[in-house]
Amino acid sequence: MQRAAAAPHVVWAVLFIIAPLLFVVYYAFTDKNGSFTFSNIGAIFQASYLEVFLRSLCFAFLATVICLIIAYPIAYFMAKAKPKTQKVLIMLVMLPQWLNFLIRTYSWMALLEDTGIINSVLMGIFGLEIPPLHMINTSGAVILGMVYNYLPYMIIPLHSVISKIDPKLLEAAADLGCSPLRVLTKVVFPLSMSDIVSGVTMVFVPSISTFYISQKLGGGNFDLIGDTIERQFQTAYDYNLGAAMSFVLMLIILVSMAIMNRYAGEDDGGVVV
Amino acid sequence: MNEKKIIELKNVAKSYDGEVILDHINLDVHEKEFMTLLGPSGCGKTTTLRIIAGFVTPDTGDVVFEGVKINDIPAYKRHVNTVFQKYALFPHLNVYENIAFALRLNKISEEEIYNRVEEMLAMVNLKGFEKRDVNLLSGGQQQRVAIARALINKPKVLLLDEPLGALDLKLRKDMQNELKNIQRKTGITFIYVTHDQEEALSMSDTVVVMADGKIQQIGTPTDIYNEPENAFVADFIGESNIIDGVMLDDYKAKFSGHIFECLDKGFEKNERVDVVVRPEDVDVVPPEKGMLTGVVTSVTFKGVHYEIIVNINNFKWMIQSTDYVEPNQKIGIYIEPDAIHIMKRSEYSGQFGDYSSFSDELDRLSDISEEEE
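This is the structure in structure tokens:
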């Protein structure tokens, strides 16, 4: 009976999760004729690709840290707001997600360009003689795009864990002599550690594999793994190299998450990717 | 008892959204005193405690600690500590670290922390529990950790907010004794909040009965029981028959159509009063010898005594007697002068002390709803 009920899930998992993974592995370790080879994996180990991998790791790491720093206070104050206000604030956080990812990225182009909205406003204030603030096509713009797109995935889990912390614990800490800052460091941070890990995962994983953000906001100067993989399938038609890159990316993510979970301690709150 | 005041509440009032929680109360707490704030849910006892702890700011009035007004001093700077209703132990810390929490906020050597935590563990009988996960302790053990955690900084005053409410009866009795012992040993002032009158009477030096945001009476447990000031106190503390009466003269009260001798004086002639007679002070006698007579409507066996409800002139009395009587039997009752207590009429007159709607079930239901507070 139970087996029968589970059947649709099994079919789903096999069709849409296991099979694609097997295809990735198959393409990664075969050549154009379908015979086994390590050459695709080997091809990744050249300076230009390694640079791309390193840059992706670096950008994703920065984006995640920035998200955490921005999201924590937001989540904290949301959790302290009245229940009605909280609902509205969660809506506002999620609202941009209702728009298509591409449209959101194009909007940032319109904002950041040398003749874009921000520079127009600045010129309106300070006069035409100042040189435009150069923002588009910089690494900062790419990281900004990542932070903007994935911030809600950090805020939501943090908000949910902070709002679940028993207010009596905060009172108990104050009662025992904790100033408001120490209540945060001694009680709130430790108790939200498990969901910091899940928030970090939710931001880091999509950030490291993202594509398009860099093409649009980085002007093609900051190739990331996602873009490189996309190119193998869309323009170079080298499915084997693309699959090999995807495979290595998966390994990188798995290792990062393993380190992350270890770092969070024995706490069972970590997310298995 | 020490006469030195450690905490004074002066004309303290608090409302939430227009609802009055505390109605200008005045209260003095003395050094080394075990004071209990007793009252039904919503009477303001917990708010009073939270005002002393610093979690609630009064709308008006002063909170004075050792002669100094502390209204504006935040909770974390006050020399009082709290044992919370549901313990509020830190789930990410083990027993040792929970107790050491307050010490770790200051620069105290690891050795001194160890010594003081061990001393606390010994006091609450939890030696050997240092490494335990607080989430896996029983309710009684969590309670002990909470007490040790609150006492480690040697506060001048310990506030306890219904600390035993979640424990079962047997454990509660043991913890009552232990708390009383700890209080005697440490000499720390305890302010204890409960809705359990028996707990209040058995532990306290001073009981403060509260209702509707006002203090109804302050006194020793025996005063509160024997000399209740109004119908609310008489009814809330123990069982009481509260009858409308008239004070004919000093030492002479008339109620239920009979003139009784009593020990009270100082009322106006023919002043209307509330008369309290405790169920255990009423003697059952044959009808011809009774001061009053009535018909038994129900008898319940309670172990040490029978609880008898008697209809006398359409007022249902409760009588506790070790002698069995039959339902529907006509009996007489006899009341000694010292068993009669006369009170001035108050806003609570006529609301309490008639057992016509009495049933055990109702009593139990109201207990449950109070615990859910």
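As you go down the protein sequences, you meet chains S and X in turn.
Using the numbering used here, the letters of the first sequence map in sequence onto residues 3 to 275.
Using the numbering used here, the letters of the second sequence map in sequence onto residues 82 to 454.
All C-beta atoms in this analysis are idealised placements derived from N, C-alpha and C, irrespective of residue type, glycine included.
The structure presented is a predicted model; accordingly, all values stated were derived computationally and were not measured.
With 16 other Cβ atoms within 10 Å as the buried cut-off, status of Asn258/X: If you draw a 10 Å sphere on the C-beta of Asn258/X, you find fewer than 16 other C-beta atoms in it, and that means exposed.
Pair every Cβ in the stretch 398-405 of chain X with every Cβ in the stretch 346-365 of chain X, then say whether three or more of these pairs are closer than 8 Å. The stretch 398-405 of chain X makes contact with the stretch 346-365 of chain X, as at least three CB pairs between them are under 8 Å.
With distance defined between alpha-carbon atoms, name the residue in Asp225/S, Ile215/S and Tyr239/S nearest to Ile105/S. Comparing Cα-Cα distances from Ile105/S to each of Asp225/S, Ile215/S and Tyr239/S, the minimum goes to Ile215/S.
How about Gly135/X: is its C-beta nearer than 9 Å to some C-beta of chain S? True, the Cβ-Cβ gap to chain S drops below 9 Å.
Expressed to the nearest angstrom, what Euclidean distance is found between the alpha-carbon atoms of Tyr97/X and Leu103/X? Computed Cα separation, rounded: 10 Å.
If the cut is a Cβ gap below 7 Å, which residues of chain S does His173/X touch? In chain order: Pro192 and Leu193.
Give the straight-line distance between the Cα atoms of Tyr152/S and Pro208/S, rounded to the nearest whole angstrom. For Tyr152/S and Pro208/S, the distance between alpha carbons rounds to 8 Å.
Cutoff 9 Å: Ile255/S Cβ touching any chain X Cβ: Chain X contact via Cβ: absent.
For the stretch 169-189 of chain S, which residues have a CB atom closer than 7 Å to at least one CB atom of chain X, in sequence order? Across the stretch 169-189 of chain S, CB contacts with chain X closer than 7 Å involve Lys170, Leu171, Glu173, Ala174, Ala176, Asp177, Leu178, Gly179, Cys180, Ser181, Arg184 and Val189, in sequence order along the chain.
I need the boundaries of the beta strand (DSSP E) containing Ile88/X, first residue and last residue. Secondary structure note for Ile88/X: its beta strand (DSSP E) is the uninterrupted segment Lys86 to Tyr97.
Using alpha carbons as the reference points, say which of Leu118/X, Leu329/X and Lys85/X lies closest to Ile318/X. Among Leu118/X, Leu329/X and Lys85/X, the Cα nearest to that of Ile318/X belongs to Leu118/X.
Just mark Ile265/S as buried or exposed, buried being the case when its beta carbon has 16 or more other beta carbons within 10 Å. The sequence given here places Tyr at residue 265/S; Ile does not occur at that position. Per the 10 Å Cβ criterion, exposed.
Could you tell me the distance, in whole angstroms, from the CA atom of Asp270/S to the CA atom of Ala260/S? Confidence is the limiting factor: at Asp270/S the pLDDT is only 45, short of 50, which leaves the residue's position unreliable, though a coordinate-based value still follows. Roughly 13 Å between the two C-alpha positions.
Counting only beta-carbon atoms, is Val161/X nearer than 9 Å to chain S? For Val161/X, the nearest CB of chain S lies under 9 Å from its own CB, placing it at the interface with that chain.
State the beta-bridge partners of Gln298/X as determined by DSSP. DSSP output for Gln298/X lists Val290/X as bridge partner(s).
Secondary structure at Ser248/S, three-state DSSP: helix, strand or coil? Looking at Ser248/S - three-state DSSP - the assignment turns out to be helix.
Are at least three pairs of beta-carbons, each pair with one atom in the stretch 75-82 of chain S and one in the stretch 162-169 of chain S, less than 8 Å apart? Yes: the two stretches touch, three or more of their Cβ pairs being nearer than 8 Å.
To the nearest whole angstrom, what separates the beta carbons of Val391/X and Thr378/X, a pair I think is in contact under 8 Å? Contact check for Val391/X and Thr378/X: beta-carbon distance about 7 Å, within the 8 Å limit, so the pair qualifies.
Burial state of Tyr239/S, where buried means 16 or more other Cβ atoms lie within 10 Å: So Tyr239/S counts as exposed.
May I ask which residues mark the beginning and end of the beta strand (DSSP E) holding Ser194/S? Note, Ser194/S: premise wrong, no beta strand (DSSP E); alpha helix (DSSP H) at Phe191 to Ser211.
Is it buried or exposed, Trp110/S, if we count other Cβ atoms within 10 angstroms and call 16 or more buried? Result: buried.
Just to confirm the assignment, what range does the beta strand (DSSP E) spanning Ile102/X have? Unbroken beta strand (DSSP E) run through Ile102/X: Glu100 to His111.
Can you find a CB in chain S that lies within less than 9 Å of the CB of Lys167/X? Judged by the 9 Å Cβ criterion, Lys167/X is in contact with chain S.
Which residue wins for smallest C-alpha separation from His339/X, given the options Leu329/X, Gly347/X and Asp345/X? Ranking Leu329/X, Gly347/X and Asp345/X by Cα distance to His339/X puts Leu329/X first.
What are the start and end residues of the alpha helix (DSSP H) that includes Asn121/S? Note, Asn121/S: alpha helix (DSSP H), Ile119 to Phe128.
Pick helix, strand or coil for Gln432/X, following the three-state DSSP scheme. The DSSP-derived three-state label of Gln432/X is coil.
Give the DSSP-derived three-state secondary structure of Ser283/X in the structure shown. Helix at Ser283/X.
How big is the Cα-Cα spacing for Gly118/S and Met125/S? Rounded to the nearest whole angstrom, the CA to CA distance from Gly118/S to Met125/S is 11 Å.
Residue interval of the beta strand (DSSP E) (run including Ile323/X): Annotation: the continuous beta strand (DSSP E) that includes Ile323/X extends over Asn322 to Asp330.
Ala245/S and Tyr51/S: beta carbons closer than 9 Å? Result no, Cβ atoms of Ala245/S and Tyr51/S do not sit closer than 9 Å.
So, helix, strand or coil for Leu24/X, using DSSP? The structure shown has nothing for residue 24/X, since chain X only spans 82 to 454.
Boundaries of the alpha helix (DSSP H) in which Lys261/X is found, first to last residue: For Lys261/X, the uninterrupted alpha helix (DSSP H) run begins and ends at Leu250 to Thr267, by DSSP.
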